[in-house]
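Student: First residue of the sequence shown? That's 99 in the working numbering, and the numbers climb one at a time after it.
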Amino acid sequence: MRIAQVAPLYESVPPKLYGGTERVVSFLTEELVREGHDVTLFASGDSVTNARLVAICPESLRLDKSCIDQLSHHVLMLEHVFQERDRFDIIHFHIDYLHFPMSRCYGEANVTTLHGRLDISDLQPLYRTFSEMPVVSISNAQRAPLRWVNWQGTVYHGLPEERFPFYEKNGEYLAFLGRVSPEKGLDQAIAIAKKAGMKLRIAAKVDKADREYFETVIKPLLNTELVEFIGEIGYPDKCEFLGNAAALIFPIDWPEPFGLVMIEAMASGTPVIAYPSGSVSEIVEHGVSGFLVGGIEEACDAIKHVAEINRLGCRMAFEERFSARRMARDYVTIYERLIGGEPEPLALSDGVSVG
Numbered sequence: 099m100r101i102a103q104v105a106p107l108y109e110s111v112p113p114k115l116y117g118g119t120e121r122v123v124s125f126l127t128e129e130l131v132r133e134g135h136d137v138t139l140f141a142s143g144d145s146v147t148n149a150r151l152v153a154i155c156p157e158s159l160r161l162d163k164s165c166i167d168q169l170s171h172h173v174l175m176l177e178h179v180f181q182e183r184d185r186f187d188i189i190h191f192h193i194d195y196l197h198f199p200m201s202r203c204y205g206e207a208n209v210t211t212l213h214g215r216l217d218i219s220d221l222q223p224l225y226r227t228f229s230e231m232p233v234v235s236i237s238n239a240q241r242a243p244l245r246w247v248n249w250q251g252t253v254y255h256g257l258p259e260e261r262f263p264f265y266e267k268n269g270e271y272l273a274f275l276g277r278v279s280p281e282k283g284l285d286q287a288i289a290i291a292k293k294a295g296m297k298l299r300i301a302a303k304v305d306k307a308d309r310e311y312f313e314t315v316i317k318p319l320l321n322t323e324l325v326e327f328i329g330e331i332g333y334p335d336k337c338e339f340l341g342n343a344a345a346l347i348f349p350i351d352w353p354e355p356f357g358l359v360m361i362e363a364m365a366s367g368t369p370v371i372a373y374p375s376g377s378v379s380e381i382v383e384h385g386v387s388g389f390l391v392g393g394i395e396e397a398c399d400a401i402k403h404v405a406e407i408n409r410l411g412c413r414m415a416f417e418e419r420f421s422a423r424r425m426a427r428d429y430v431t432i433y434e435r436l437i438g439g440e441p442e443p444l445a446l447s448d449g450v451s452v453g
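1. Which word fits GLU120, buried or exposed, when buried means at least 16 other C-beta atoms lie within 10 angstroms of its C-beta?
2. Report yes or no: do the region 219-230 and the region 356-376 share at least 3 C-beta pairs separated by less than 8 Å?
3. Return the residue from the list ASP305, GLN286 and ARG419 that minimises the CA-CA distance to LEU298.
4. Would you say LEU174 and ILE154 are within 9 Å of each other, going by their C-beta atoms?
5. So what's ALA105 in DSSP terms, helix, strand or just coil?
6. Given 8 Å as the limit, is there contact between the region 351-367 and the region 132-151, that is, 3 or more CB pairs closer than that?
7. Out of MET364, GLU326 and LEU126, which one is the CA nearest neighbour of VAL104?
8. Can you tell me whether VAL234 sits near the ligand HEM, meaning its C-beta is under 8 Å from at least one heavy atom of the ligand?
9. Quick check on the burial criterion: 16 or more other C-beta atoms within 10 angstroms. Buried or exposed for TYR433?
10. Just how far apart, CA to CA, sit THR322 and GLY276?
11. Could you check if LYS282 is buried or exposed, using at least 16 other CB atoms within 10 Å of its CB as the buried criterion?
12. Taking only three categories from DSSP, how would you classify ALA207?
13. Excluding the five sequence neighbours on either side, which residues of its own chain have a C-beta within less than 7 Å of the C-beta of HIS197, listed in chain order?
14. When burial is assigned at 16 or more other CB atoms within 10 Å of the CB, is VAL404 buried or exposed?
15. For VAL450 and GLU206, I'd like the C-alpha separation in whole angstroms.
16. Using DSSP with H/G/I as helix, E/B as strand and the rest coil, what is GLU440?
17. Is ARG419 helix, strand or coil by DSSP?
18. Measure the alpha-carbon distance for THR179 versus VAL234 and round it to whole angstroms.
19. I'd like the ranges of any alpha helix (DSSP H) spanning at least 4 consecutive residues and lying wholly in the region 311-389.
20. Given LEU324, which residues of its chain have a CB within under 8 Å of its CB, disregarding the five upstream and five downstream residues?
21. Might you give, ordered along the chain, the residues of its own chain that have their beta carbon closer than 8 Å to the beta carbon of ALA149, omitting 5 neighbours on each side?
22. How about PRO349 and ALA302: do their beta carbons lie closer than 9 Å?
23. For TRP249, count neighbouring Cβ atoms within 10 angstroms of its own Cβ and tell me buried if that reaches 16, exposed if not.
24. CB PRO113 to CB GLY341, shorter than 9 Å?
25. Here's a check: name, in chain order, each residue in its chain whose Cβ is nearer than 8 Å to the Cβ of GLN339, leaving out the five neighbours to either side.
26. For HIS192, which three-state DSSP category applies?
27. Which residues does DSSP list as the beta-bridge partners of LYS303?
28. Could you give the distance in angstroms between the alpha-carbon of HIS255 and the alpha-carbon of SER124?
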């Protein structure tokens, strides 16, 4: 099959540090190539792939200090994609709705994975106008605000099993990995660690938009030996960071569409202690791969029992449900249906992509 993968340009594919969407695009692209498909990746020039790379800009836009207008590069990318449209059986977009007018105009087989939150009122008129566009959700919960759009399936993210080593021994610290922002719940993670009297190590990115929040809310909470702020990390440091932890703390306060860090922890054998917002209850199996908790007190109680989670069982749960191989094959099923002109998906079932 001839497949185009169209990635955001903000980070490289894969990203050097933070970047969930671009990391998933990388895992999907490489697995599709491994399974014998002819894949073209539209991405930044510092991307690394076994697919054919069409470099739209020399480097990822977040790292390019000379870049002022990021949107212009994405518009240019769309022009490149549609100039080459005859090369592909299907075009898989990961850039939200930006391509909708051109996809409608050209009519090529396409599908869009929506990677972000959808509970934004501005999106309602847009998706009603382009209601025929085939889209894929990354969790069942993500669909709630837009249940009426043209959903083609729910495909959970997947990771290459060989890239994440299994850590058998229980760690001695709690881990927080991701981005510093109010909805990610870092303040809650710090409160949990302090109340539990357990070391918390924080590996997190601070965006410009969240710098004030970090300085005024988070930084004053770091004045204790129990909390260590490491900053933004990438691979392979991320694997060691998660694998050596007793548990990943994921106390989010927003409708999380997926939460890639949860399955990264599971792949390492590390249980997840999380607030059950958004997709969390679809990803974490209570008592198997972690604990779903309702607040600080319940989280502290879960910490007391985290050693009871079988780390090998946690890893096996990841392998059964969240491998890159499973993700790629789920997408191929959707590609084949769309190429064949059969847009109607099967009934939604928990934990299984609709294909």
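Don't be surprised by glycine CBs; every beta carbon is placed ideally from N, CA and C.
Tutor: Looking at the atomic coordinates:
1. Classification of GLU120: buried, given that the 10 Å Cβ count is 16 or more.
2. In short, these stretches do not touch, since the Cβ pair count stays below three.
3. With distances taken between Cα atoms, LEU298 lies closest to GLN286.
4. Between LEU174 and ILE154, the C-beta spacing is below 9 Å.
5. ALA105: coil per DSSP, three-state reduction.
6. Taking 8 Å as the limit for Cβ pairs, the verdict is that the region 132-151 does not touch the region 351-367.
7. Nearest to VAL104 by alpha-carbon distance, out of MET364, GLU326 and LEU126, is LEU126.
8. Because no ligand of any kind appears in the structure shown, any question about the ligand HEM cannot be addressed here.
9. Buried, since its Cβ has 16 or more Cβ neighbours within 10 Å.
10. Answer to the nearest angstrom: the Cα atoms are 21 Å apart.
11. It is buried - the Cβ of LYS282 has at least 16 other Cβ atoms within 10 Å.
12. The DSSP-derived three-state label of ALA207 is coil.
13. Within its own chain, the residues whose Cβ lies closer than 7 Å to the Cβ of HIS197, once the five positions on either side in sequence are excluded, are LEU176 and PHE191, listed in chain order.
14. Buried is the call here.
15. Because the pLDDT at VAL450 is just 43, under 50, the model does not fix this residue reliably, and the value given afterwards should be weighed accordingly. Roughly 27 Å separates the two Cα atoms.
16. In the structure shown, GLU440 sits in coil (DSSP, three-state: anything other than H, G, I, E or B).
17. In this structure, ARG419 counts as helix in the three-state DSSP scheme.
18. In the sequence as displayed, the identity of residue 179 is Val instead of Thr. Cα atoms of VAL179 and VAL234: separation of roughly 20 Å, rounded to the nearest angstrom.
19. Fully enclosed alpha helix (DSSP H) runs of 4 or longer: 335-341, 358-366 and 378-381.
20. Hits under 8 Å: ALA291, LYS292, GLY295, MET296, LYS297 and LEU298.
21. So the qualifying residues of the chain are GLN103, THR127, GLU128, LEU130, VAL131, VAL137, THR138 and LEU139.
22. Contact: no.
23. Flag for TRP249 reads buried.
24. No, they are not a contact pair.
25. The question names Gln, but residue 339 is Phe in the sequence shown. Only residues of its own chain outside the window of five on either side were considered, and among them ALA273, LEU275, ARG299, ALA301, ILE328 and ILE331 have a CB closer than 8 Å to the CB of PHE339, listed in chain order.
26. The answer is coil: DSSP assigns HIS192 none of H, G, I, E or B.
27. Residue pairing by DSSP places LYS303 opposite ARG277 in a beta bridge.
28. Between the alpha carbons of HIS255 and SER124 lies a distance of about 11 Å.
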